[in-house]
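Reminder that position 432 of the sequence shown reads as 442 in full-length UniProt numbering, one-by-one numbering, no gaps.
What follows is a set of notes on a single structure, which appears directly below.
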Amino acid sequence: SSQSRIPQPPALPFIGNVAHLDRELPIQGFALLAQQYGEIYLIDILGRKLIFLNTQELANEVSNDAKFRKGVAGSLNEVRYLSGDGLFTAYDDEPNWAIAHRLLMPAFNTLAIRDMMEDMHDICGQLLLKWERFGPDHVIDPSDDLTRVALDTIALCSMSYRLNSFYTENQPAFAAAMTDFLKECYIRSTRPSLVQALMTGATAKWETDAKFMTDVATRILNERRENPIDKKDLLNTMLYSKDPKTGQGLSDDAIAKNLLTFLIAGHETSSGLMSFMTYYLIKYPEAMRKLQAEIDEVLGGQPVQYQDLSKMPYLTAVIRETLRLAPTAPMRMVKPLEDTYLANGKYFVKAGSSLVLDTWVYQKDPKVWGEDAQEFSPERMLEGKFEALPPQSWQPFGFGIRGCIGRPFAWQEVSLVMASILQKFDLSFVDPTYNLALKQALTVKPKDLFIRAKLRNQIP
Ligand code: HEM
11 SSQSRIPQPP ALPFIGNVAH LDRELPIQGF ALLAQQYGEI YLIDILGRKL
61 IFLNTQELAN EVSNDAKFRK GVAGSLNEVR YLSGDGLFTA YDDEPNWAIA
111 HRLLMPAFNT LAIRDMMEDM HDICGQLLLK WERFGPDHVI DPSDDLTRVA
161 LDTIALCSMS YRLNSFYTEN QPAFAAAMTD FLKECYIRST RPSLVQALMT
211 GATAKWETDA KFMTDVATRI LNERRENPID KKDLLNTMLY SKDPKTGQGL
261 SDDAIAKNLL TFLIAGHETS SGLMSFMTYY LIKYPEAMRK LQAEIDEVLG
311 GQPVQYQDLS KMPYLTAVIR ETLRLAPTAP MRMVKPLEDT YLANGKYFVK
361 AGSSLVLDTW VYQKDPKVWG EDAQEFSPER MLEGKFEALP PQSWQPFGFG
411 IRGCIGRPFA WQEVSLVMAS ILQKFDLSFV DPTYNLALKQ ALTVKPKDLF
461 IRAKLRNQIP
């Protein structure tokens with residue numbers, strides 16, 4: 011086919027397309043541009059050119075580790091101030107990434123994660139007890155409590171450390187520092203450097219938050235060295251394992267950066283997923299009914315066990331469909347290793363260009379999902395149908411060598427927590443007419459979602 015120019019919305023000198031950004035809700039601004047310009051468009055943010063890809067076909071084309079590598083730019087680059095060359099924020103060629111990747115892969119596989127069931131139940135139990143004690147009239151902010159669950163779970167499972175978020179009225183200091191830090195990372199990435207230089211107050215606070223978190227991680231690491239425990243948590247793996255290839259271990263600095271990485275990458279994504287799932291299930295009562303029936307049948311009133319998880323296909327489908335419509339890590343970036351063409355020679359892109367896979371947009375590609383692409387329909391994610399989807403139609407955990415290492419962890423946690431909640435409670439909106447609204451920092455969450463939780467009485 012013949013070659014086309016990649017379309018760009020009208021840009022202003024110097025600032026380019028900054029006016030096209032939606033500062034409060036970036037994904038919404040990008041979704042609007044995708045509606046207007048179609049499969050691909052280019053925007054210029056203060057001289058930085060970003061090429062957005064909006065279809066399954068283009069996503070599939072660039073999901074290829076031989077030709078494209080992860081790009082770390084924008085807010086992810088700001089996060090490096092805290093997590094540096096840790097797994098999530100490492101540049102493509104940093105040697106510590108490969109060492110940590112090889113050393114940690116076994117610690118994140120399904121079998122290793124299985125040993126974390128007990129710790130996951132421990133934290134989940136604190137949420138169940140809270141909702142039960144507060145009673146059916148209490149107004150719950152699910153994002154708030156599910157963030158407590160996710161953050162406490164990752165802290166307990168990765169370093170046997172109790173954040174005790176359920177025992178403080180407000181956010182615990184660590185969680186508050188993390189939230190503020192990530193929010194500022196995003197804002198920093200959209201400020202012109204001249205303006206950024208003037209934001210000394212915000213920068214001082216951002217640096218203080220990062221130092222506070224680094225100090226906590228370093229203290230936990232040092233305490234562990236002085237008082238070793240016999241447990242297979244991620245911290246012990248990092249302290250005592252050696253990279254099978256080089257025989258090298260991780261330095262204390264690298265361990266601290268990866269501990270912080272797990273806390274960053276592992277809490278908002280999972281808690282956002284659980285919040286969206288709560289929303290969709292209340293909004294679609296038929297799906298809720300089917301899921302609760304499956305949970306009751308499989309669990310028979312008993313707490314969730316590891317072997318139950320593979321017997322709940324509808325739960326799996328609901329999680330998949332939630333991650334399709336509301337991928338909490340809504341985009342990722344890749345860079346071509348060499349000059350190349352996309353879409354059968356149609357668009358030319360230079361080596362090193364910033365290509366943004368807009369997961370939020372392209373996972374609703376009507377060519378793949380049909381006219382009801384925007385609807386919540388777990389049925390399309392059941393076994394058989396799911397496997398038959400075009401390649402990379404569903405990619406909420408990223409791709410390939412830089413894909414999510416925490417996927418089995420997140421899947422087990424979300425399955426356990428949501429099955430336990432729905433086994434015990436019937437959920438409803440405080441405002442029965444509530445429709446999904448969004449808020450965004452590094453990840454996306456429902457905005458102004460409030461629910462009530464009433465104990466179910468007919469547990470079999
Ligand atoms: C990478 C999504 C949970 C740790 C990624 C990436 C995505 C993602 C899209 C690729 C990012 C990129 O290409 O730039 C998710 C979602 C989750 C989740 C949707 C929950 C529903 C977790 C958890 C952990 C974790 C629980 C840790 C315990 C990581 C790490 C990386 C990563 C370390 C970087 C891997 C590397 O580059 O080597 N995740 N994640 N994630 N995730 Fe997750």
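Built from N, CA and C at the ideal position, the CB exists for glycine as well.
All values derive from a computational prediction rather than experimental measurement.
Proximity below 7 Å, CB of residue i to CB of residue j
| i | j | result |
| --- | --- | --- |
| residue 193 | residue 451 | yes |
| residue 92 | residue 270 | yes |
| residue 78 | residue 456 | no |
| residue 411 | residue 125 | no |
| residue 85 | residue 196 | yes |
| residue 37 | residue 379 | no |
| residue 149 | residue 133 | no |
| residue 304 | residue 324 | yes |
| residue 402 | residue 69 | yes |
| residue 113 | residue 261 | no |
| residue 241 | residue 94 | no |
| residue 187 | residue 219 | yes |
| residue 327 | residue 367 | no |
| residue 496 | residue 415 | Outside the shown range of the chain (11 to 470) lies residue 496, about which nothing can therefore be said. |
| residue 199 | residue 88 | yes |
| residue 231 | residue 265 | yes |
| residue 103 | residue 80 | no |
| residue 384 | residue 374 | yes |
Paired residues, beta bridge with residue i - DSSP
| i | result |
| --- | --- |
| residue 350 | 359 |
| residue 450 | 454 |
| residue 84 | Its beta-bridge partners do not exist; DSSP assigns none. |
| residue 464 | 436 |
| residue 343 | 366 |
| residue 150 | 461 |
| residue 54 | 59 |
| residue 78 | 346 |
| residue 22 | 26 |
Cα-Cα separation, residue i to residue j
| i | j | result |
| --- | --- | --- |
| residue 122 | residue 116 | 7 Å |
| residue 212 | residue 277 | 24 Å |
| residue 354 | residue 433 | 50 Å |
| residue 293 | residue 359 | 42 Å |
| residue 397 | residue 25 | 44 Å |
| residue 56 | residue 33 | 14 Å |
| residue 47 | residue 245 | 47 Å |
| residue 141 | residue 342 | 36 Å |
| residue 254 | residue 163 | 28 Å |
| residue 322 | residue 390 | 15 Å |
| residue 109 | residue 337 | 29 Å |
| residue 417 | residue 23 | 43 Å |
| residue 356 | residue 18 | 16 Å |
| residue 296 | residue 20 | 45 Å |
| residue 422 | residue 167 | 12 Å |
| residue 465 | residue 449 | 29 Å |
| residue 291 | residue 130 | 22 Å |
| residue 35 | residue 191 | 18 Å |
| residue 29 | residue 208 | 21 Å |
| residue 143 | residue 176 | 13 Å |
Pick from the options that is closest to residue i, judged by C-alpha positions
| i | options | result |
| --- | --- | --- |
| residue 406 | 340, 50, 386 and 284 | 340 |
| residue 136 | 157, 147, 120 and 364 | 157 |
| residue 281 | 272, 152 and 326 | 152 |
| residue 349 | 189, 342 and 364 | 364 |
| residue 377 | 66, 28 and 17 | 66 |
| residue 298 | 101, 274, 332 and 310 | 332 |
| residue 463 | 58, 59 and 147 | 147 |
| residue 173 | 139, 227, 373 and 17 | 227 |
| residue 15 | 53, 176 and 322 | 53 |
| residue 90 | 163, 224 and 129 | 224 |
| residue 12 | 100, 351, 415 and 62 | 351 |
| residue 138 | 409, 165, 460 and 436 | 436 |
| residue 40 | 20, 58, 64 and 21 | 64 |
| residue 73 | 467, 30, 458 and 344 | 344 |
| residue 71 | 44, 430, 177 and 400 | 400 |
| residue 441 | 460, 237, 49 and 374 | 460 |
| residue 257 | 205, 372 and 106 | 106 |
| residue 372 | 100, 50, 145 and 233 | 50 |
| residue 178 | 169, 190, 444 and 154 | 154 |
| residue 59 | 386, 362 and 382 | 362 |
| residue 311 | 222, 45 and 431 | 431 |
Min CB distance residue i to chain E below 7 Å
| i | result |
| --- | --- |
| residue 235 | Going by chain labels, chain E is absent from the structure shown, which holds only one protein chain. |
Distance cut-off 6 Å: residue i Cβ against heavy atoms of the ligand NAP
| i | result |
| --- | --- |
| residue 419 | This structure does not include the ligand NAP; its bound ligands are the ligand HEM. |
Three or more beta-carbon pairs under 8 Å between the segment 303-320 and the segment 425-435, yes or no? yes
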